[in-house]
Amino acid sequence: MDQIKIYNDVHPKEKNVSFAIKRMEDYWSIQQSQPDEPHRHGYYTVLLVLIGEGEHIIDFHSYPLGIRQVFFVSPGQVHQVVERRQSLGFVVTFDTNFLVHNNIPLSFIKELGLFRGYGDTPPLDVEPIELNRLVWLCSEMLDISNSATKYREQALGSLLQLFLIQCNNLYTSSINNTEDYETSRKLLQDFKGLIEENYANWHNTSRYAAELHITPDYLNRVIKMLTGKTAKELIQGRITIEAKRQLYFTDLSSKEIGYLLGFSEPANFSSFFKNCTGETPSTFRNNHHQLV
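Going by this note's numbering, the sequence shown opens with residue 23, and the numbers climb by one from there.
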């Protein structure tokens with residue numbers, strides 16, 4: 023099977039570059055209006071879409087390109103932008119080295135409700151007045167990025183933080199706030215961290231709840247409030263995404279992938295995958311291999 027493209031460097035020709043910003047129109051010109059290929063990055067990507075027509079596919083979920091949207095793509099996620107006409111907007115990319123050099127702790131990124139890492143990654147929809155603020159920040163980043171001004175990196179780091187904070191504030195205000203919202207968000211962060219570390223071995227909500235020293239019912243209530251999904255759906259979503267990535271990127275058999283993900287019997291893995299996706303592992307592999 024052909025391997026999907028992996029871009030590990032923010033700038034393909036300059037290894038020391040850890041931050042970049044371009045207009046979406048520039049990518050349209052580079053691609054010569056041809057559809058983007060499915061690929062994954064070793065860095066963070068933010069798309070601020072002013073106006074677009076097409077779709078943005080992230081981890082096998084398709085989202086329409088429209089107006090006033092912000093997409094957040096984490097390292098390792100598979101994504102593809104398919105434009106039916108030239109989009110207007112900005113693309114911001116940065117890696118962990120940029121965060122370190124600008125004294126931005128990785129915990130800052132993890133605590134935001136923006137970079138989800140897997141599963142559903144819908145765009146953040148913004149109102150016109152909010153969009154103006156984000157456009158101003160991106161325009162400032164673009165101007166500074168193209169200059170040789172003193173303290174250039176520090177300025178970019180500060181503007182990036184302001185941009186992400188503004189987006190996070192818009193995201194948190196779009197859901198029901200409660201007095202213990204911050205506590206609930208911390209629980210979600212801890213839960214997702216445990217999933218990332220243990221999804222191949224822990225498949226039951228009760229195992230995660232025990233590790234977090236809470237009841238499964240309470241865990242479900244909090245996760246449902248913040249994400250719209252149950253704790254079980256988040257666990258299954260992470261397992262499913264990893265299964266899709268293995269089917270898409272590797273030549274491992276369905277049996278091997280099932281064992282890798284903690285299923286003792288191949289039939290159990292196939293049944294799980296079909297229940298979650300509506301396709302068997304082999305059908306998914308054949309259908310998506312044809313798209314590459």
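We put the CB at the ideal spot given by N, CA and C, even for glycine.
Between residue i and residue j, what straight-line distance do the alpha-carbon atoms span, to the nearest angstrom?
i, j, result
"I236", "R106", "48 Å"
"P144", "R267", "19 Å"
"W224", "R260", "11 Å"
"K277", "F294", "13 Å"
"T115", "V148", "20 Å"
"L186", "E255", "27 Å"
"L192", "E219", "29 Å"
"Q102", "K208", "31 Å"
"A177", "K251", "38 Å"
"Y230", "D239", "12 Å"
"D273", "P57", "26 Å"
"S275", "A265", "11 Å"
"Q108", "W50", "6 Å"
"H310", "Y281", "22 Å"
"M247", "K172", "45 Å"
"N297", "L110", "39 Å"
"N308", "T302", "10 Å"
"F94", "L146", "9 Å"
Comparing C-alpha positions only, which one of the options sits nearest to residue i?
i, options, result
"F213", "E233, K44, F285 and T272", "E233"
"T262", "T118, M46, V122 and D142", "D142"
"S40", "V122, I89 and L134", "V122"
"G74", "H61, S84, D81 and M46", "M46"
"A42", "T67, S51 and Q56", "T67"
"E162", "L182, L146 and N30", "L182"
"H63", "I52, V71, D31 and I89", "D31"
"P150", "S275, T194, L72 and L216", "L72"
"K117", "L128, Q108, I89 and L110", "According to the sequence displayed, residue 117 carries Asp and not Lys. Comparing Cα positions, the closest option is L128."
"G215", "P288, Y281, D165 and F137", "F137"
"T205", "I52, L184, I245 and I217", "I245"
"D48", "Y65, T194, L164 and I217", "L164"
"G284", "L248, A222 and T302", "A222"
"E133", "T194, E301 and K296", "T194"
"K27", "E301, A289 and F271", "F271"
"Y65", "E301, I52, H33 and F82", "H33"
Going by beta-carbon coordinates alone, are residue i and residue j separated by less than 8 Å?
i, j, result
"E77", "L69", "no"
"T227", "L210", "no"
"N124", "G179", "yes"
"C189", "V92", "yes"
"Q99", "I80", "yes"
"G139", "S96", "yes"
"H5", "Y85", "Coverage of the chain is limited to positions 23 through 314, which leaves residue 5 absent and any answer about it impossible."
"R174", "I166", "yes"
"I279", "I217", "no"
"F112", "C160", "yes"
"F306", "T299", "yes"
"L153", "R90", "yes"
Residue range of the alpha helix (DSSP H) that residue i falls in?
i, result
"V244", "P238 to T249"
"T262", "A253 to F271"
"T227", "T227 to L234"
"T115", "It is not in any alpha helix (DSSP H) - T115 instead sits in the beta strand (DSSP E) that spans L110 to F116."
"R155", "P150 to S167"
"I131", "L128 to E133"
"D48", "M46 to I52"
Just reading off the beta strand (DSSP E) that residue i is part of, what are its end residues?
i, result
"E287", "Per DSSP, E287 belongs to no beta strand (DSSP E) and is neither H nor E."
"E105", "V100 to E105"
"Y29", "K27 to Y29"
Quiz item: If you scan the stretch 61-98 from start to end, which runs of the alpha helix (DSSP H) of 4 or more residues do you find wholly inside it?
Solution: none
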